[in-house]
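Quick notes on the structure that follows.
Residue numbers (our numbering), protein chains in the order written: chain A, 1 to 444; chain B, 445 to 888; chain C, 889 to 1332; chain D, 1333 to 1776.
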C-alpha cells in the first residue's frame, strides 16, 4: 500500500524514495536514489515486513542529492526505533543544529529534518507523544510529518498548515498522504484534511487527535494549486482541477487577446488553458506534444540544435500553428529560458503572433516552506518588469493572472500563503542564510 | 542524431532499441533491451563511431522478446558488412525461411526480418542494389527498411506503402525516419514521404531514386492515424492531429448523446475528444489523469483493489465527474477489459451516465502488416455486436466511428488499408499460421 | 593509495569497504557492500577528493551486514566533520549506548564503533585530541582506530594492543595500516608498529606521539599469526610466514606419524605444512587444489553431490593421494564440518590413512576482541575431546599444536592473548550478552 | 551440472560463459560476458530448462571480446535447433568463410567456430551425423567440440587430438569435459579420454563411437601440462600435478645452482618448484604471496609505484628473502616484462642473488591451435638468446628446461605438439594471416 501510495505521489519527488515498515518485532527500511518503480523490486518489497508503514519521495535540491538524505529516516534512541518522513522545510534548523551539536549530538545527514529527531531524543518528556510535541514546539517552518513506531503512527501538520496532509480510511485502517490521489490508487476513502497544528495518533486503539501547539493563522501553500499537486487531488478542501480551471477563466478575463488558438504548455498548463479557451471562446488545441520518455540520464548532443533542450520534452504541431495567432498558457515563469525556447519554437513554425498567458502572478520570491524554487536572483520576475520579461521570452504579449484573481480562484479566505508572489512571508527568514539545506552543505 | 531520432520515435517500440554506425573503416553496433534513454549511456554512444547511422526501436510481440531479435541487425556477407532496420511484417517469411534453411542458411534470430538478409546474401546479382531488389522481389508484406553499408544508406518502402517512411534534410545531409517528429527534434526539414515501392540510395554522390518493383495499389495503414503515430507528426501527407480532430467531429455527428462533459482517455483519445466536444458543444474536461511514471517492472499487489490495473495509469477527477453525464472518448477497444475498468471507475465516482465513444470502427481483425494487435479471438469486436460490447464494458451507450467516417477523416482516396476494421486484407494471409513471429518460436 | 591499501587488506573483510578523503575544504565518502575491486569504479575514486584519506574493509557478522554499518563512518559534530575506521570490538558498547541514548543521542548504525563518535561529540574537552582521549578512556575492548579530520589523521591502538596497527612512510608522508603488506603494495617503507596505548597525531607539522591511557599488559592477538594475517606481513614485529613455519615444525615434533605425504589445506595451511614436511622429512605435496573463482553468490545445486560444499573451493589430486598415507595440515578447526568433508574426500580418492594436524590448539572459546569466531556452542572443541573430534572428522589420527608450542613459535614473552585457546580473557566479558554486535540487532 | 562444470573450468576462459539446455520441446540459452559465478543467477539457471546441456567458458583474444562471440552458439537450420561449443582454433576458417559467404551464407559472429555450423547447414548428407562429419572433414585445425540437439549430444575431437576432451559417467549419464576436474566437482567418474578423431554420439540409446576421419599422427598440446590445465586434472592420461613435478625435477638436474631457497611464482610455478626443491635439496619457501582478489576492472593508479602492476597480484615475503640466494621457478616467460618486475621486486627486498628457472623451453612461436599466446614479435624468446633474456629480466642466471627434458616429463611417445617451443607446426599455417580470430576483425 505504501509502495502504491508513493507511486501516486511520484510527481512530488523524483530524486529518491523510501519505505519503512514496522511491526511489534522491529522495523525495516528500504531507500534508494531514483524512481519508485525502479527502486522497489519484489525482493525489496518482500524485505519490508510489518503491519504498518510510511514512505517518502524526495526531490532534488542543490548539494544534498545523496542516498544518506533519502527519507524516511530510521533511528534508534532511548525511546526505541522511530522513523520519520517530512514534507516541508524548517527555518531555524541551522541554529538548532548548531545548538544540538554543541550539546554533543551527531548529525549523519545534511537534511533539516534530522533536527526534529535529535530534539525528540533529547526531550525529557515522559511520553513519546510529549517528546514529539516538545521537539516540534522548538522548530519553526513548514512541516507535514509522519512518524512511525513499532506500535503506532503519528501524523502532524504545522500550525500554519503550509503543506497539505490528508486523512483517509481503507477497510477500517487509517491512512495519511500528501494528496488524495494516493487514496484513489489504493482504494481508500478520503475522510478529511489533517488540520493545521493537529497532532494525530493512530494506534491499535484507533485515532486520537490533539492540538498541542498555540494556534497560528492558516497559511496553506497556494502554489500547490498553481502547479505542484496533481489535478485529480483534493488539496486544502478544493479540487485542483476546478481551481485551475477557474484560474484559466480569470486569466482570460484579465488578459484577453484576439487569437486563433489556445495552446497549453503540457502538462502543467492543460487545465488553465481549457478554462482560458472556454472563457475566451478561442479554440483549444493540443499544439504542443510532450514526450514522456525523457529520463534523467538523457545525454545531450554536442551539436548545436535549435531549441534542443525543450524539444526533448516538447514538440509543436506545425499543421496547427502555421499562420495562426497562438495563445500559450503555462502555470508560471521561473527563469524565463524555457518559455523563451517554447515561444521561439512556435514562432519558427510560422505562428503569426505568440501570446503568453500565465495562470499565476509573477514569481518574485523563493519559497522557504518546502517548494523547490531557485533563489531570488534566478527568478526573472524578481528584477524585471512584465514588459521586460515579454521582451526576453520574445512573445507578442504577456499576461499574468493577478494575485487577486488567483486568490479568488482558490476561494481564499485569508488562509493561503502566496509569499512567492507577494513577498509576504508568514515566518521571517534569515535571507542571508538562503535555504537551510544549502547551509548544511557549506564545508566547515 | 540517430539517438535523438530514436528518442522521438520511442512510442513506436519500447522493448528494445539499437543503433549501427558506419564509416569507411567499419561498422559498430549497440543494442539492448529497454528504453532508448536507458540503453544509450555516454560510453555506448562514444563507441558508435561513424559518419552515418541507422537505429531502431522495437515493440514486444509474444515469444520473441529477446536481445537477439533487437534491431538493427548487423551481418557479414560476401558483399561486406551490412545492417538493416525493418518496420513492418513479412507474410511469406516462414516459407522463405524453410526454403533458405533447406539450402543451408543458418538463422540466428526468430525475426522475420532476417529472411531479407539471407536473400540478399544469396542473390547472384552483380551489384548490392541489384541484390537488394532481388531479395525484396521475393518477400511479400509490409516493410519500410533502412539498410546501412560502410559507404551508403538505402531506404525502401514496400509497393503497397503499408508503413510510413519520410525523407528529411539537415544541413545538406539526408535523413529518413518513420515519423516526421524525429526530424523536428534534430532540427531537420521534412522533404517528402518515401513513395510506395521507392528504392532510395543515399551516398556521397547524393540521392538516387528508383522504382524497381511492379506497381501495386497503395495501402497505407489507417491505424497510424487512429492511434499509432504521434499527433505532432505528418504521416502519409496528413497532420495526425488534424485527422484525429476530424475523427472526433465525425464521431460527434454520428453518435450524438446529451451529456454534461466530454472526457478523453489520455493520451490516445485527447485530440478526438477535443473534436467531439467542439462539434457537440459539450464541455471538454480533463476528467482522467494519467500517471506517466509507470515503468514496465511495476509490481502488482496481491491485495484485491478495485480497478487496480487501470488505476496505476489513470485516475479520475471526482470533482468533475460526480453527478455528471460523462462521454468518454477513446481511439479503439481491443479486448474491452480496460474500457470496462475505466467505465466502472468513472461510474463509481458518481457519474450519472457514462457514454463511450470510439474514434474508429470496431476492431474485428488482427493486423498482419506490422501493428501489434492480438489475434482475432482476443478482439472483442470480432465476435460480439456493439450492443454486446456496450453491455460488457458497462457503458450506458457505445458509439464507434463508421469506416466511412474514418476514411473521410483521413481523406482516403482509396489509398488506405483498413483491414483491421473491414477484413479486406490487401495481401492474402495464411490465417492458420498466425503471425510470422509466433511461427518461428514454435519448437520444432 | 587508500584504495590500493584496502586491496592489500581485502582478506581482513570482504563484506563491505569504504574510503573517506579529506582536504581543508571538506570530506567525501564512498562506501558500498562488496569487494574493493568491485566497489571502486573510476567515477567513485574521482569523487574522493582530498590530500589524505582513510579506508576500511569489513567482514560479515550475523545480523549487521548492511550498508549503514559499512565503515569509515563520517559524521558532523560541533568539532566539525570527522571520520573513523575501527578494527576491533568494544566490550562495554551496549552499556554505553544505553547511557548515551538516555542522554538524547541518536544512533544510526548497529555497530559498536558508533559509540566512540558519540562520546567524542559529548566530551567537554577543550581540544579534539582531548575529546578523543576522553572518549576512549570510557570504552573497554579492542581497538585499532584511525580518525580523519580535514587537517589531520589520528591513529590509536588500545592499551592491550589486541589488534595490529603499523606505521609506514612514503615519500615523506606517513601511512598507517593493519598489516605491512599494504605498505608493500604502495611502495611505502615499514617504520614501526603503533605501540599499545599509543595516540598518534599526524598533521602538517609532522608526527606527534602520546601515551594518554594508563598502561595495561600487552595482549596481542595470537590468532593473527595462526590464521588471520597475510603471510607476507610483519605483525607484532614478527614475520607471519616465519612464525607459521615454526608452528609446523613444532607440530611435527609434537605429533609425529609415519606417512607418505604432507598435504596442506590451502591457503591457510600452506606454510605450516611446509614446516611440518621439513621437520618430519615426509614429502610435501600440493594434494589439494583451491578454486579461486568462488564468489559469494554461488548458487548451490539442489542435487545431492558428495562433499559438494567443500568441492566448490577445494579439489583433491587423485594421482597423489591414491594408496598413500596422507597428513593434512590446517590452521584450525572451528565447527569440524569442513574438516570432515575434506578428510572424507581424500579418503574417497583412495588414501590409505588420513592424519589431520592442526597448527594451533583446540579453539575452545569465541573471540570478543575482533575476530569473527562463532559462539562457544558452535565450536566443536568447546565441548568435545580431541578423540571425539577425530572421530567426528573421520581422521585416523588428529594432533593439535600445544599452546606452549604455539607461544614458542610466536616467541611470546607474555604479550599475547590466546583466550580463544585458553579461556584466559584479558577483559571480562558479560557472557550472557554474547557479542556486542548481536546485542544491537535484538529488536526492542 | 553444466554450471558446476563451467565453474571447475573457469581457469580455461574468464571472458564470457554460456550454457545451452535442451529437451525434446526446445532449447534455451544463457550467455554473458564475465565469470561463471557472476553470470548465472538463480533466475538465469531456472530459465535453462532441459534434460541435457552444454556449456563453454571463453578467453579473450584481441578484437573479438564481444557477447556475440560468447559460446555455445545456438542456431536454427533445416535440421532443427543445434548448439555447439568449441575448444580450439581452426586454420582454414578464413578461406572457408570467404567461400561460404560467396555462396550466400551470413555470418553473425567473428568467431572461427561459426564456419562449422554453416558447413553443417549446407551439407547434403542424409543424417545429422553425416552432415557433421561432412563439415568437419573440410575444416583443418584444433577442435574439441560438443554439439547439442534436442535429443542427443555429440562430442568430437580432431584427428590430431590437439585439445583435451574427457568422458565421464554420473549415475548412468555420460558427461564430457575438457578436464577431469569438472568431473570431480559434480561427482562424476572419469571413464577415458575421447580419442583423437573420435566421433561420440550420446543419446537415449546410450553411447556410440565412430572414427570417421582419416587417421593423423596424435599431436596433444604439451602446454596443457606446462601451464594451462589445473594440477588436479588428468590430461591426456597423465596427472598434471605429477608431470609438473617431474618438470621441476628435470629442471633442477639441467640447471643446478647453489642457492638458499626455492621460491615458486604462484600459482603456475608451484608444483614445478616443489620438484626443483626436492631434487636440489634446497628448501622450498612461499616467498611470493598471491592476492586472489584482483578483478579485471582494477583501476591502476596514475602515480609511479615501483613494480606496481605485478604487486597487485604478487607480493614478496621480505623476511624470507633478505640476504638470500633465491631461485625463482615459473612455468614460462612470454614477453619478459612480468619476470623482470618479479626479479626486481625480489632483488629490492635484499636478495643476494636471483636465479630464474623456467619449467619449459623458451617460447619461440605462437600457438595456432587454441592457446592464447601473443604473436611471434611479442615473444621475447623468438628473437633473443637466453643470455639476452637473462639480462633483460635482470636475473643472475636463467635456465630453461630443455625440450627433451619436457618431453620426458610428459612421457612423450611422439604424441605431443610442442610447436610453441620447436616451431614444428603439425598443420601448416599461413603466417601472414596471423590468428584466424584477428583476420575476421579486419574491416573489409
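Heads up, the beta-carbon is just placed ideally off N, CA and C, and yes, glycines get one too.
* Measuring only between beta-carbons, confirm whether residue 431 of chain A sits less than 7 Å from chain C. => Note that residue 431 of chain A has pLDDT 48, beneath the 50 cutoff, so the model's placement of it is unreliable and no number is given.
* Asked: Using the rule of at least 16 other Cβ atoms within 10 Å of the residue's Cβ for burial, across every protein chain shown, is residue 1099 of chain C buried or exposed?
  -> Around the beta carbon of residue 1099 of chain C, fewer than 16 other beta carbons sit within 10 angstroms, so the residue counts as exposed.
* **Interface partners of residue 77 of chain A on chain C, CB under 8 Å** => Residues of chain C passing the Cβ test: 989, 992, 993, 994 and 995.
* Who pairs with residue 1255 of chain C in a beta bridge, going by DSSP? -> Paired residues: none, contrary to the question.
* Asked: Quick one: does the C-beta of residue 1496 of chain D sit closer than 6 Å to a heavy atom of the ligand MG?
  -> This structure lacks the ligand MG, and indeed carries no ligand of any kind.
* **Three-state class that DSSP yields for residue 689 of chain B in the structure shown** => Of the three classes helix, strand and coil, the one that applies to residue 689 of chain B here is helix, per DSSP.
* Asked: Are the CB atoms of residue 546 of chain B and residue 1436 of chain D nearer to each other than 7 Å?
  -> Their beta carbons are not under 7 Å apart, which means residue 546 of chain B does not touch residue 1436 of chain D by this criterion.
* Relative to the alpha-carbon of residue 1408 of chain D, which residue among B/523, B/515, B/550 and B/687 has its alpha-carbon at the smallest distance? -> Residue 1408 of chain D has its Cα closest to that of B/550, out of B/523, B/515, B/550 and B/687.
* **Beta carbon of residue 1135 of chain C nearer than 7 Å to that of residue 1247 of chain C** => Yes, the Cβ-Cβ distance between residue 1135 of chain C and residue 1247 of chain C is below 7 Å.
* Short check: CB of residue 1487 of chain D to CB of residue 1447 of chain D, under 7 Å? -> Residue 1447 of chain D is positioned such that its CB atom lies no closer than 7 Å to that of residue 1487 of chain D.
* Asked: CA-CA distance, residue 938 of chain C and residue 1667 of chain D?
  -> Using only the alpha carbons, I get a separation of about 38 Å.
* Mind pulling the chain D residues with CB within less than 9 Å of residue 1253 of chain C? -> Simply none; closest approach about 30 Å.
* Please confirm whether residue 1258 of chain C and residue 1051 of chain C have their CB atoms less than 7 Å apart. => Contact: yes.
* To do: Select from A/42, A/317, A/197 and A/8 the residue whose C-alpha is nearest the C-alpha of residue 288 of chain A.
  => Nearest option by C-alpha distance: A/317.
* Asked: For residue 1453 of chain D and chain B, any beta-carbon pair shorter than 7 Å?
  -> So, interface residue.
* To do: Would you mind sorting residue 110 of chain A into buried or exposed? The rule is 16 or more other CB atoms within 10 Å of its CB.
  => So residue 110 of chain A counts as buried.
* Contacts of residue 1006 of chain C in chain A (Cβ-Cβ under 9 Å) -> Taking the beta carbon of residue 1006 of chain C as reference, the chain A residues within 9 Å of it are 104, 105 and 106, listed in sequence order.
* Interface residues of the region 1341-1356 of chain D facing chain C [CB-CB below 7 Å] -> Those would be 1342, in chain order.
* To do: Identify the contact partners of residue 1116 of chain C in chain D, using a Cβ-Cβ distance below 7 Å as the criterion.
  => Near residue 1116 of chain C there are no residues of chain D at all, since even the closest Cβ is about 14 Å away, more than 7 Å.
* Asked: When we look at the beta-carbon of residue 1581 of chain D and count the other beta-carbons within 10 Å, is it buried (16 or more) or exposed?
  -> Residue environment analysis places residue 1581 of chain D among the buried positions, since at least 16 neighbouring C-beta atoms fall within 10 angstroms of its C-beta.
* Reduced DSSP category for residue 777 of chain B - H, G, I as helix; E, B as strand; rest coil -> Correct three-state label for residue 777 of chain B: coil.
* **Proximity to residue 400 of chain A [Cα-Cα], best of A/375, A/410, A/416 and A/254** => Selected option, being the one with the closest Cα: A/254.
* Cβ of residue 1159 of chain C within 7 Å of Cβ of residue 1608 of chain D? -> No, Cβ-Cβ distance for residue 1159 of chain C and residue 1608 of chain D is not below 7 Å.
* Asked: Quick one: does residue 276 of chain A have its CB under 7 Å from some CB of chain B?
  -> It does not; no Cβ of chain B falls within 7 Å.
* Give the straight-line distance between the Cα atoms of residue 1244 of chain C and residue 1213 of chain C, rounded to the nearest whole angstrom. => When rounded, the distance between both Cα atoms is 11 Å.
* Return the chain-ordered list of same chain residues with a C-beta closer than 6 Å to the C-beta of residue 381 of chain A, the five sequence neighbours on each side being excluded. => Closer than 6 Å at Cβ, skipping near neighbours: 362, 363 and 364.
* Are the C-beta atoms of residue 763 of chain B and some chain A residue less than 7 Å apart? -> Contact with chain A is found for residue 763 of chain B, since one of that chain's Cβ atoms lies less than 7 Å from the residue's Cβ.
* Asked: Does the region 521-539 of chain B come within contact of the region 476-484 of chain B, defined as at least 3 CB pairs closer than 8 Å?
  -> With a cut-off of 8 Å, the region 476-484 of chain B and the region 521-539 of chain B do not count as touching, because too few Cβ pairs lie within range.
* To do: Could you have a look at residue 1559 of chain D and say whether DSSP puts it in helix, strand or coil?
  => Helix.
* Asked: Would you call residue 196 of chain A buried or exposed, if buried means 16 or more other Cβ atoms sit within 10 Å of its Cβ?
  -> Buried is the call here.
* Less than 8 Å between the CB atoms is what I'm expecting for residue 574 of chain B and residue 514 of chain B, so what's the real figure, rounded? => A Cβ-Cβ separation of about 29 Å leaves residue 574 of chain B out of contact with residue 514 of chain B under the 8 Å criterion.
* Buried/exposed call for residue 442 of chain A, threshold 16 Cβ in 10 Å -> Caution applies to residue 442 of chain A, whose pLDDT of 32 falls short of 50 and renders its modelled position unreliable; the value that the coordinates give is listed next. By the neighbour-count rule (16 or more Cβ atoms within 10 Å), residue 442 of chain A is not buried but exposed.
* To do: Kindly indicate the opening and closing residues of the beta strand (DSSP E) around residue 461 of chain B.
  => For residue 461 of chain B, the uninterrupted beta strand (DSSP E) run begins and ends at 460-467, by DSSP.
* With a CB to CB cut of under 8 Å and the five nearest residues on each side skipped, what residues in its chain are close to residue 238 of chain A? -> Excluding sequence positions up to five before and after residue 238 of chain A, its CB lies within less than 8 Å of the CB of 225, 410 and 411, all in the same chain and listed in chain order.
* **Same chain, Cβ closer than 6 Å to residue 540 of chain B, neighbours up to 5 away in sequence not counted** => If the five residues before and after residue 540 of chain B are omitted, its C-beta is found closer than 6 Å to the C-beta atoms of 559, all from its own chain and listed in chain order.
* To do: Can you tell me which of the three DSSP states residue 451 of chain B falls into?
  => In this structure, residue 451 of chain B counts as helix in the three-state DSSP scheme.
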